[in-house]
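Chemist: As you go down the protein sequences, you meet chains A and B in turn.
The first sequence begins at 0 in numbering that gives the first Met the number 0 and counts up one residue at a time.
The second sequence begins at 0 in numbering that gives the first Met the number 0 and counts up one residue at a time.
2 protein chains.
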Amino acid sequence: MSPSDRANPSPPPPARAAVVLLSGGLDSATTLAIARSQGYASHAIAFDYGQRHRHELEAARRVADHLDAASFRVFPLNIGIFGGSALTDPAIEVPKDRDEGSKGADIPVTYVPARNLVFLSIALGLAEVIGAHDLFIGVNEIDYSGYPDCRPEFIASFQQTANLATRAGVEQNGFTIHTPLIGMSKDEIVAEGTRLGVDYGLTHSCYDPVVRGAEAFACGRCDSCHLRRAGFRKAGVPDPTRYAP
Amino acid sequence: MSPSDRANPSPPPPARAAVVLLSGGLDSATTLAIARSQGYASHAIAFDYGQRHRHELEAARRVADHLDAASFRVFPLNIGIFGGSALTDPAIEVPKDRDEGSKGADIPVTYVPARNLVFLSIALGLAEVIGAHDLFIGVNEIDYSGYPDCRPEFIASFQQTANLATRAGVEQNGFTIHTPLIGMSKDEIVAEGTRLGVDYGLTHSCYDPVVRGAEAFACGRCDSCHLRRAGFRKAGVPDPTRYAP
Numbered sequence: 000m001s002p003s004d005r006a007n008p009s010p011p012p013p014a015r016a017a018v019v020l021l022s023g024g025l026d027s028a029t030t031l032a033i034a035r036s037q038g039y040a041s042h043a044i045a046f047d048y049g050q051r052h053r054h055e056l057e058a059a060r061r062v063a064d065h066l067d068a069a070s071f072r073v074f075p076l077n078i079g080i081f082g083g084s085a086l087t088d089p090a091i092e093v094p095k096d097r098d099e100g101s102k103g104a105d106i107p108v109t110y111v112p113a114r115n116l117v118f119l120s121i122a123l124g125l126a127e128v129i130g131a132h133d134l135f136i137g138v139n140e141i142d143y144s145g146y147p148d149c150r151p152e153f154i155a156s157f158q159q160t161a162n163l164a165t166r167a168g169v170e171q172n173g174f175t176i177h178t179p180l181i182g183m184s185k186d187e188i189v190a191e192g193t194r195l196g197v198d199y200g201l202t203h204s205c206y207d208p209v210v211r212g213a214e215a216f217a218c219g220r221c222d223s224c225h226l227r228r229a230g231f232r233k234a235g236v237p238d239p240t241r242y243a244p
Numbered sequence: 000m001s002p003s004d005r006a007n008p009s010p011p012p013p014a015r016a017a018v019v020l021l022s023g024g025l026d027s028a029t030t031l032a033i034a035r036s037q038g039y040a041s042h043a044i045a046f047d048y049g050q051r052h053r054h055e056l057e058a059a060r061r062v063a064d065h066l067d068a069a070s071f072r073v074f075p076l077n078i079g080i081f082g083g084s085a086l087t088d089p090a091i092e093v094p095k096d097r098d099e100g101s102k103g104a105d106i107p108v109t110y111v112p113a114r115n116l117v118f119l120s121i122a123l124g125l126a127e128v129i130g131a132h133d134l135f136i137g138v139n140e141i142d143y144s145g146y147p148d149c150r151p152e153f154i155a156s157f158q159q160t161a162n163l164a165t166r167a168g169v170e171q172n173g174f175t176i177h178t179p180l181i182g183m184s185k186d187e188i189v190a191e192g193t194r195l196g197v198d199y200g201l202t203h204s205c206y207d208p209v210v211r212g213a214e215a216f217a218c219g220r221c222d223s224c225h226l227r228r229a230g231f232r233k234a235g236v237p238d239p240t241r242y243a244p
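(1) How would you list, in chain order, the residues of chain A whose beta-carbon sits under 8 Å from the beta-carbon of Glu152 of chain B?
(2) Measure the Cβ-Cβ separation of Thr175 of chain B and Asp133 of chain B and say whether it is below 8 Å.
(3) Is the region 165 to 173 of chain B in contact with the region 53 to 63 of chain B, if contact means three or more CB pairs nearer than 8 Å?
(4) Between which residues of its own chain and Phe248 of chain B is the CB-CB distance below 7 Å, once the five residues before and five after are set aside?
(5) I want to know whether the region 23 to 32 of chain B touches the region 185 to 202 of chain B - three or more CB-CB distances under 8 Å.
(6) Quick check on the burial criterion: 16 or more other C-beta atoms within 10 angstroms. Buried or exposed for Asp207 of chain B?
(7) Using a Cβ-Cβ cutoff of 8 Å, what residues of the region 15 to 30 of chain B are near chain A? List them in chain order.
(8) When burial is assigned at 16 or more other CB atoms within 10 Å of the CB, is Arg114 of chain B buried or exposed?
(9) Answer with buried or exposed for Asp222 of chain B, where buried requires no fewer than 16 other C-beta atoms within 10 angstroms of its C-beta.
(10) Mind checking whether Pro112 of chain B and Glu214 of chain A have CB atoms under 8 Å apart?
(11) Taking contact to mean 3 or more Cβ pairs, one atom from each stretch, closer than 8 Å, check whether the region 63 to 70 of chain B and the region 218 to 233 of chain B are in contact.
(12) Looking at the structure shown, is Val19 of chain A part of a helix, part of a strand, or coil, going by DSSP?
(13) Is His225 of chain B helix, strand or coil by DSSP?
(14) Measuring only the C-alpha atoms, how far is Ile136 of chain A from Thr240 of chain A?
(15) CA-CA distance, Ile181 of chain A and Gln159 of chain B?
(16) Count the other CB atoms within 10 Å of the CB of Glu247 of chain A; is the residue buried (16 or more) or exposed (fewer)?
(17) Please identify, using Cβ separations under 8 Å, the residues of the region 162 to 187 of chain A that lie next to chain B, in order along the chain.
(18) Anything in chain A within Cβ reach of Phe157 of chain B, meaning under 7 Å, just list it in chain order.
(19) At the level of alpha carbons, what is the spacing between Lys233 of chain B and Asp186 of chain B?
(20) Under a Cβ-count criterion, where at least 16 other Cβ atoms within 10 Å of its own Cβ denotes burial, should Arg227 of chain A be classed as buried or exposed?
(21) Just to confirm the assignment: which complete alpha helix (DSSP H) runs, minimum length 4, are found wholly within the region 183 to 209 of chain A?
(22) So, is the C-beta of Leu123 of chain B closer than 8 Å to a C-beta in chain A?
(23) With DSSP run on the structure shown, which of helix, strand or coil describes Glu214 of chain A?
(24) Show which residues of chain A have a CB atom less than 8 Å away from the CB atom of Asn77 of chain B.
(25) For a contact meaning CB atoms closer than 7 Å, what does Ser120 of chain A contact in chain B?
(26) Under 8 Å, do Ile154 of chain A and Thr29 of chain A count as touching if we go by C-beta distance?
(27) Quick one: Cα of Leu31 of chain A to Cα of Ala161 of chain A, how far?
(28) How many Å lie between Pro237 of chain B and Ala217 of chain B at the Cα?
(29) Classify Asp4 of chain B as buried or exposed, calling it buried when 16 or more other Cβ atoms lie within 10 Å of its own Cβ.
(30) Taking C-alpha atoms, which residue in A:Ser156, A:Ala190, A:Leu116 lies nearest to Ala229 of chain A?
(31) Could you please give the first and the last residue of the uninterrupted alpha helix (DSSP H) stretch that includes Ala69 of chain B?
(32) List, in order along the chain, the chain A residues whose C-beta lies closer than 7 Å to that of Asp133 of chain B?
(33) What do you reckon, are the CB atoms on Arg317 of chain B and Tyr39 of chain B nearer than 8 Å?
(34) Are the CB atoms of His245 of chain A and Ile141 of chain A nearer to each other than 8 Å?
(35) Which residue's Cα is closest to the Cα of Leu123 of chain B: B:Gly168, B:Val138, B:Ser204, B:Ser184?
(36) To the nearest angstrom, how far is the alpha carbon of Ser204 of chain A from that of Leu163 of chain B?
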C-alpha cells in the first residue's frame, strides 16, 4: 500500500458506462482512448458485416484489450447480403490512387448502405440494456471520404431519433452521441492518440490489405492508406504501419 | 390473348419498389396488403432476432407468399444476446391479463431495445441497394402497448435521419416512411385488411404461443392476444385465430 492509498482509503466512484464503436482502425482506436481519458468504462462493439478481410476485427480485439475496454463484443451483421459496396462485394473493385480532386465530388463505391445508422442503432440497443447513456463514434467530417453518415448533421439527427426510439431516451436523461474526432484532421487525430498512448501499430485501416502467409500488410494505395500515411507525416509521428513491400 | 390485351399491347409500367417490414402478425400483414393495393412491388423483410418462437417467421413467409410480395428475406439479427426483453430473454415472464388501466402507463417488459430503429435502419440499407424510395412499417399509436418506437414523432425523426444517412437520401429524392396504420384502431385495421383480402388465419400475433406437437396456438391472454381478439369482435369479422384449448 502506497502513502497515497493511505490518504484515500475509499474506492473511487464507479466509472460511467459508455458504448464505443470500434472498427480496428486508427480513428476508432483514438476515440476509445479519448473515452477512457474522460473516465468512461468503455464497452466496445465491433461489427462483423461481411468485410472482405478479417484483419479489421482482429485489430479491434487487440485495440480493445490495449486500451482497457470494459467489454468487447463482435456483433454479426450480414449486411453484405444486400451487396452494393466494394468493401463487401468482391465484384466491385476498390478504387486505387484516386485523383485528389475527385474526392468529395461523389460518394465512393466503398460506401456501405446505411452503415453508420445500422451500427449506431445496434450500439444504442446495447447501451440501453447495460444502462449507458453515452455512445462514442469516431466519425470526422474533414477526412471523411464523402460518406454522408459521417457528417455532424447526421449525428445530430440520429441523437434526436435515438431519444424518441427508446425507453431510456423517453424516461431518463436520454442519450448523447459523442464524436470527439468530428472536426479534427487526420494529423490532429494521430497527435491526440499518440498523446493518449495509443499504439497505432495495432490498428488496421487499409481497405484492401495484401496478405502474405499469416500476415496482412496495408496496400498503401487505397484512400484510407493515403489519408493515414499523410496523417502520420503531417503529425511528425513515425508511421508504424506495415505496408506491402 | 383477350380483347383488352389487343387494345393495350404495351406492357404496364414497372411497379415502384418498396420495402415492407413483415413480422407475421396482423398489423404487418395488413400493411403489406395496403402497399400492394397502392401498386408497389413489395420486398418484404423479416427479422430473426432471437424470438422465443419461430412461428412468427413461418407466418411471415406464408403472408409474403399470400400477398404477392416481390421478394422475402429473413435477416438474422442476434439482438437477443443483449437480453433485457421478455420476448427474447427466457428469464423474464411475459405479462398476462394485465389491468387495462396499466397499459400505456409504463413501457412493458416485452419491449425490445431499439427494435424498430434497428429494423428500419436495416430495411433502409436494403431499400438503398434495390433502388426503393419507400418503406412501409405497420406501427400504430392507438393500440401500441406503450412502445416509444411506435409513435409518429419517432417515425418522422427516423425519416429525417434516413435522408441524412444515405447516398440515396442525399443525392436523390430521399426516402418516405409509410405508416398506413398509424392512426387506426385494431378493428379498423382488421376491417381494412379484410376488404383487401388478407387471410388473417395465416398471421400470428401471440407473444407466448402454446405449442402442441407441430401446432402453435395463441395463448389468448397476452396483451397482443387481447388486442387482436377485441379487434375482430369490434370489426364484426369472424376471428380465425386458433386459441389454445
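Just so it is clear, CB atoms sit at the ideal spot from N, CA and C, and this is done for glycine as well.
What you are looking at is a predicted structure, and each value in this text was computed from that prediction instead of being measured.
Modeler: Taking the geometry as given:
(1) The residue given as residue 152 of chain B occupies position 153 in the second sequence. By Cβ distance, chain A contributes Leu163.
(2) By one-based count along the second sequence, residue 175 of chain B stands at place 176. By one-based count along the second sequence, residue 133 of chain B stands at place 134. Yes, the pair counts as a contact, with Cβ atoms nearer than the cut-off.
(3) At 8 Å Cβ cutoff, the stretches do not touch.
(4) Because residue 248 of chain B is not part of the residues shown, which for chain B are 0 to 244, the question remains open.
(5) Counting Cβ pairs under 8 Å, three or more are found: they touch.
(6) Along the second sequence, one-based indexing puts residue 207 of chain B at 208. With 16 or more other Cβ atoms within 10 Å, it is buried.
(7) Going along the region 15 to 30 of chain B in chain order, one finds no residue with a Cβ nearer than 8 Å to chain A.
(8) Residue 114 of chain B sits at position 115 when you count from the first residue of the second sequence. Buried is the call here.
(9) Position 223 of the second sequence, counted from the first residue, corresponds to residue 222 of chain B. Burial state of Asp222 of chain B is buried, judged by a 10 Å Cβ sphere holding 16 or more other Cβ atoms.
(10) Locating residue 112 of chain B in the second sequence gives position 113, counting from the first residue. Locating residue 214 of chain A in the first sequence gives position 215, counting from the first residue. Not a contact, by the Cβ cut-off of 8 Å.
(11) The region 63 to 70 of chain B is not in contact with the region 218 to 233 of chain B.
(12) One-based indexing of the first sequence puts residue 19 of chain A at position 20. Note: Val19 of chain A maps to strand in three-state DSSP.
(13) Looking up residue 225 of chain B in the second sequence gives position 226. Helix at His225 of chain B.
(14) Locating residue 136 of chain A in the first sequence gives position 137, counting from the first residue. Locating residue 240 of chain A in the first sequence gives position 241, counting from the first residue. Looking at the two C-alpha atoms, the distance is approximately 23 Å.
(15) Here residue 181 of chain A refers to the residue found at position 182 of the first sequence. Here residue 159 of chain B refers to the residue found at position 160 of the second sequence. Taking the Cα positions, Ile181 of chain A is about 20 Å away from Gln159 of chain B.
(16) This structure cannot settle anything about residue 247 of chain A, because the visible part of chain A is limited to 0 through 244.
(17) Those would be Leu163, Ala164, Thr165, Arg166, Gly168, Val169, Glu170, in chain order.
(18) Within the second sequence, residue 157 of chain B is the residue found at index 158, counting from 1. For Phe157 of chain B, the neighbours in chain A by C-beta distance under 7 Å run, in chain order, Thr160.
(19) Indexing the second sequence from 1 puts residue 233 of chain B at position 234. Indexing the second sequence from 1 puts residue 186 of chain B at position 187. Going by the C-alpha atoms only, they are around 6 Å apart.
(20) Along the first sequence, read from residue 1 onward, the residue named residue 227 of chain A stands at position 228. Around the beta-carbon of Arg227 of chain A, 16 or more other beta-carbon atoms lie within 10 Å, marking it buried.
(21) Counting only unbroken stretches of 4 or more residues, the alpha helix (DSSP H) elements lying wholly within the region 183 to 209 of chain A are 185 to 194, in sequence order.
(22) In the second sequence, counting from the first residue as 1, residue 123 of chain B sits at position 124. Look at Leu123 of chain B: its C-beta is under 8 Å from a C-beta on chain A.
(23) The count along the first sequence starts at 1 and reaches residue 214 of chain A at position 215. Strand, per DSSP.
(24) Sequence index remark: in the second sequence, residue 77 of chain B carries index 78 (1-based). Within chain A, the residues placing a beta-carbon under 8 Å from that of Asn77 of chain B are Phe74, Pro75, ordered along the chain.
(25) Taking the first residue of the first sequence as 1, we reach residue 120 of chain A at position 121. Simply Ala113, Leu116, Val117, Ser120.
(26) Counting from one through the first sequence, the residue named residue 154 of chain A turns up at place 155. Counting from one through the first sequence, the residue named residue 29 of chain A turns up at place 30. Their beta carbons are not under 8 Å apart, which means Ile154 of chain A does not touch Thr29 of chain A by this criterion.
(27) In the first sequence, residue 31 of chain A corresponds to position 32, counting from 1. In the first sequence, residue 161 of chain A corresponds to position 162, counting from 1. The straight-line gap from Cα to Cα measures roughly 21 Å.
(28) Indexing the second sequence from 1 puts residue 237 of chain B at position 238. Indexing the second sequence from 1 puts residue 217 of chain B at position 218. Their backbone Cα atoms lie some 16 Å apart in a straight line.
(29) In the second sequence, counting from the first residue as 1, residue 4 of chain B sits at position 5. The predicted model places Asp4 of chain B with a pLDDT of 49, which falls under 50 and marks its position as unreliable; any figure quoted below should be read in that light. Counting Cβ neighbours within 10 Å, Asp4 of chain B comes out exposed, since fewer than 16 surround it.
(30) Looking up residue 229 of chain A in the first sequence gives position 230. With distances taken between Cα atoms, Ala229 of chain A lies closest to A:Ala190.
(31) Your numbering for residue 69 of chain B matches position 70 in the second sequence. No alpha helix (DSSP H) holds Ala69 of chain B; DSSP gives it neither H nor E.
(32) To locate residue 133 of chain B, count along the second sequence from 1; it is residue 134. The contact set of Asp133 of chain B on chain A, defined by CB atoms closer than 7 Å, is empty, because the minimum CB distance reaches about 15 Å.
(33) Residue 317 of chain B is absent from the structure shown; chain B starts at 0 and stops at 244.
(34) Since the displayed chain A opens at 0 and closes at 244, residue 245 of chain A lies outside it and no answer follows.
(35) Position 124 of the second sequence holds residue 123 of chain B. Cα-wise, what sits closest to Leu123 of chain B is B:Gly168.
(36) Taking the first sequence and counting its residues from 1, the one referred to as residue 204 of chain A is at position 205. Taking the second sequence and counting its residues from 1, the one referred to as residue 163 of chain B is at position 164. Between Ser204 of chain A and Leu163 of chain B, the C-alpha separation is close to 25 Å.
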